[in-house]
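Trainee:
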Amino acid sequence: MEKKETKSLVLLEHHLKRLKMPSMLRECEKVAARSAKENVDHLGFLLELCEIELLEREKRAAARRLNAAKFPTQKTLDDFDFTAQPSLNKVLVLELMRGEYLVRRENCLLVGNPGTGKTHLATCLGTAACAMGKRVRFFRVTDLVTDLMEARDDRMLSRLKTQLRKLDLLILDELGYVPASKVGAELLFDVISQAYERTSLIVTTNLPFENWTEVLGSERLTGATLDRLTHRCHILEMNGESYRVSDAKRRRRRPSRPKKDEVGEDEAPL
Ligand code: ADP
Ligand code: MG
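My numbering numbers the first residue of the sequence shown as 8 and each following residue consecutively.
1) What residue ranges within the region 84 to 129 form continuous beta strand (DSSP E) runs of no fewer than 3 residues, ordered along the chain?
2) Grab the span of the alpha helix (DSSP H) containing S200 for me, first residue to last.
3) Using only the heavy atoms of the ligand MG, determine whether one of them is closer than 7 Å to the beta carbon of K189.
4) Should K82 be listed as close to the ligand MG, given that the test is whether its C-beta is under 7 Å from any heavy atom?
5) Around the ligand ADP, which residues pass a check of Cβ closer than 5 Å to any of its heavy atoms?
6) In this structure, what does DSSP give as the bridge partners for F145?
7) For A221, does the three-state DSSP call read helix, strand or coil?
8) Within the continuous alpha helix (DSSP H) that includes H21, where are the two ends?
9) I think L128 touches L117, with their Cβ atoms under 8 Å apart; what is that distance to the nearest whole Å?
10) Below 7 Å, is the gap between the Cβ of E181 and the nearest heavy atom of the ligand MG?
11) What's the gap between the Cα of V210 and the Cα of D254?
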């Protein structure tokens with residue numbers, strides 16, 4: 008389309024730049040031409056431009072949120088095979104994907120053996136929360152404890168805690184046998200306490216409740232942590248076989264076995 012450098016167009020471009028409306032700026036001439044051709048009134052024209060700007064803004068914000076959440080890998084629920092995990096409450100998973108628990112500041116606890124898809128599901132739930140405009144951060148518990156201890160040594164602890172406080176959803180992956188020093192355990196407990204009724208938590212663990220003392224090192228801390236975590240909490244139990252193991256078994260049962268280079272390295276011989 009031929010660009011007409013009228014005075015109003017030059018000024019409009021200038022103003023839209025200052026107003027930080029890049030999508031409106033890019034589309035305004037095109038939409039104006041089409042609106043004129045289709046006899047769309049002025050308000051209809053303005054509405055379409057606003058919608059374009061808003062949509063693109065939301066898309067950019069969602070990408071930023073996803074980036075800030077720092078998920079270890081991308082996972083979708085479409086890739087999750089529920090038949091491989093028959094003990095899992097699928098109805099509850101689908102309900103949690105809708106994110107109402109976040110509004111109610113409820114928590115989710117994903118308990119099960121290694122390889123049963125806890126991290127996969129936690130990532131799906133976190134990704135869905137990002138798409139709903141929520142601020143999310145994923146941590147492996149050991150990494151969070153290290154970050155907290157380092158922040159404490161550098162006198163940056165309150166800054167890190169302020170960042171965590173601003174989240175809508177904090178994912179604590181692999182609450183397991185952390186070689187947690189007493190200080191580490193207290194810092195972790197502090198984060199869980201701070202989140203209570205303010206930020207939703209998703210915690211994944213392969214530990215049955217009775218072993219939690221070994222993680223936190225003290226009956227008092229364990230009791231208090233469990234109390235806060237499990238108050239208003241959805242529990243997803245995944246006690247099936249490791250997905251990798253069962254997937255490898257399925258492949259072995261197939262009559263035509265895959266070629267050697269089609270088998271992932273951690274699915275190798277059983
Ligand atoms: P966990 O955190 O329970 O140890 P992961 O979520 O890390 O297990 O799962 C291990 C691998 O197996 C990941 O690549 C994950 O995507 C895959 N996986 C686990 N369960 C399933 C499932 N039911 N359907 C599809 N992939 C799965
Ligand atoms: Mg995991």
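Glycine residues also receive a C-beta, built at the ideal position from the N, C-alpha and C atoms.
Mentor: In this structure, then:
1) 114 to 119
2) Translated into the one-based positions of the sequence shown, residue 200 becomes position 193. Segment K189 to A202, the alpha helix (DSSP H) holding S200.
3) For the purposes of this step, residue 189 is identified with residue 182 of the sequence shown, where counting begins at 1. Answer for K189: no, Cβ out of range of the ligand MG.
4) What you label residue 82 is simply residue 75 of the sequence shown in a count that begins at 1. Not so, every heavy atom of the ligand MG lies at least 7 Å from the Cβ.
5) F87, D88, A91, Q92, P121, G122, T123, G124, K125, T126, H127 and Y250
6) As a first step, residue 145 is located in the sequence shown; it is residue number 138 there, counting from the start. F145 pairs with I178.
7) The residue given as residue 221 occupies position 214 in the sequence shown. Residue identity differs from the one stated: residue 221 is Glu in this sequence, not Ala. Three-state result, E221: helix.
8) Against the sequence shown, residue 21 aligns to sequence position 14. Run containing H21: K14 to R25, per the alpha helix (DSSP H) assignment.
9) As a working note, residue 128 is residue 121 in the sequence shown. As a working note, residue 117 is residue 110 in the sequence shown. Right, their Cβ atoms sit about 6 Å apart.
10) Here residue 181 refers to the residue found at position 174 when the sequence shown is read from its first residue. Yes; taking the cut-off as 7 Å, the Cβ of E181 has a heavy atom of the ligand MG nearer than that.
11) In the sequence shown, counting from the first residue as 1, residue 210 sits at position 203. In the sequence shown, counting from the first residue as 1, residue 254 sits at position 247. So the alpha carbons of these two residues sit roughly 25 Å apart.
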